[in-house]
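*Asks:* In full-length UniProt numbering, the protein residues as written are 1 to 181.
Quick reminder that beta carbons are idealized off the backbone N, C-alpha and C, glycines included.
#1: So what does residue 39 bridge to, in DSSP terms?
#2: Rounded to whole angstroms, what is the Cα-Cα separation between residue 76 and residue 44?
#3: Would residue 144 pass as a contact of residue 6 if the rule is Cβ separation under 7 Å?
#4: Tell me which residue opens and which closes the alpha helix (DSSP H) that residue 107 is part of.
#5: Please confirm if the stretch 45-62 is in contact with the stretch 17-34, defined as three or more CB-CB distances below 8 Å between the two stretches.
#6: Does the beta-carbon distance from residue 146 to residue 67 come in below 7 Å?
#7: State the start and end residues of the unbroken alpha helix (DSSP H) segment that holds residue 86.
#8: Taking 8 Å as the cut-off, does the stretch 79-90 touch the stretch 121-139 (at least 3 CB pairs, one atom from each stretch)?
#9: Go through its chain and collect everything with a Cβ distance to residue 119's Cβ below 6 Å, but skip five positions before and after it.
#10: Less than 7 Å between the beta carbons of residue 11 and residue 104, yes or no?
#11: So what does DSSP say about residue 10, is it helix, strand or coil?
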């Protein structure tokens, strides 16, 4: 059963969420935030890298999903967000995890059904989908949403591969049956 870690990168708070996928069933494993609590960017990046590294080593996820950087109004904020995202991805790939990347719109569409959903809508749907009784912190909820999005996307890709294989067999049969006529 895949164990999926989702990451919502941020230079001050990086959310993480881990779920287990068993067929169509998704189960909550863990979620939280990595708090950098420093003004120095190199130290923040070190703390993000170390935090992701520690969480992955502890839980042993087999798959990873990270939210892509969106274009921010403030170029300085976008650069910091990109660096935080890079530190998280570096920690994941350093531990030999393949990283799937999803836009915020794709994640929201997958979880809420609406690509422009607000953070509270994402939190509520994450609670519902994972049967949580406590509302996760926003960054942790966004990370869980990234993991859920990946679970749905990977399931869709598996189904598509099976359908393509079956479709090829079905096409083969129809060609053979038409030749017999």
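*Replies:* Looking at the coordinates:
#1: Answer is none; residue 39 lacks a bridge partner.
#2: 15 Å
#3: yes
#4: 104-111
#5: yes
#6: yes
#7: 75-94
#8: no
#9: 138
#10: no
#11: coil
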